[in-house]
Each structure stands twice: as structure tokens, then as C-alpha cells.
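For reference, the structure is listed below as C-alpha cells.
Numbering (this note's numbering), first residue to last: 1 to 43.
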């Protein structure tokens, strides 16, 4: 666990599913079940 770290998402619900709008290239990420998710922050 990381002290003081938190992950939140902002998404839009559409007829075809969820669209995550908080994805950024400046944060490490990984793909889980076809969705890009934030990776663990390394200091």
C-alpha cells in the first residue's frame, strides 16, 4: 500500500457502456479486461 495515495475515476455512462475520461498518458497505466487502468505509483 502507498501512504497518501488514492485513485478516482470520472466516467460517462452511455448506451454502449462506460467511457472513462480520466485516463492520462502522464501516469503509468496497465490494461485490465481491455480497459486502461492506473498502475501503482512508484517513487
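Glycine is no exception: its CB is placed at the ideal position from the N, C-alpha and C atoms.
This structure is a prediction, so every number in the text was calculated from the model and none was measured.
(request) Would you mind reading off the limits of the beta strand (DSSP E) that contains residue 36? (result) Taking the first residue of the chain shown as 1, we reach residue 36 at position 36. Residue 36 -> beta strand (DSSP E) spans 35-38.
Exercise for the section: For residue 4, write down the residues that DSSP places opposite it in a beta bridge. Expected result: Start at 1 with the first residue of the chain shown, and residue 4 comes out as number 4. Paired residue(s): none; residue 4 is not in a bridge.
Which of helix, strand or coil does DSSP assign to residue 15?
-> For the purposes of this step, residue 15 is taken as residue 15 along the chain shown, with counting starting at 1. Three-state DSSP puts residue 15 in coil, outside helix and strand.
For residue 21, three-class secondary structure by DSSP = Counted from its first residue, the chain shown places residue 21 at position 21. Residue state, collapsed to three classes: coil.
Quiz item: residue 11 to residue 17, Cα distance in whole Å?
Solution: Locating residue 11 in the chain shown gives position 11, counting from the first residue. Locating residue 17 in the chain shown gives position 17, counting from the first residue. If you take the alpha carbons of residue 11 and residue 17, they lie about 10 Å apart.
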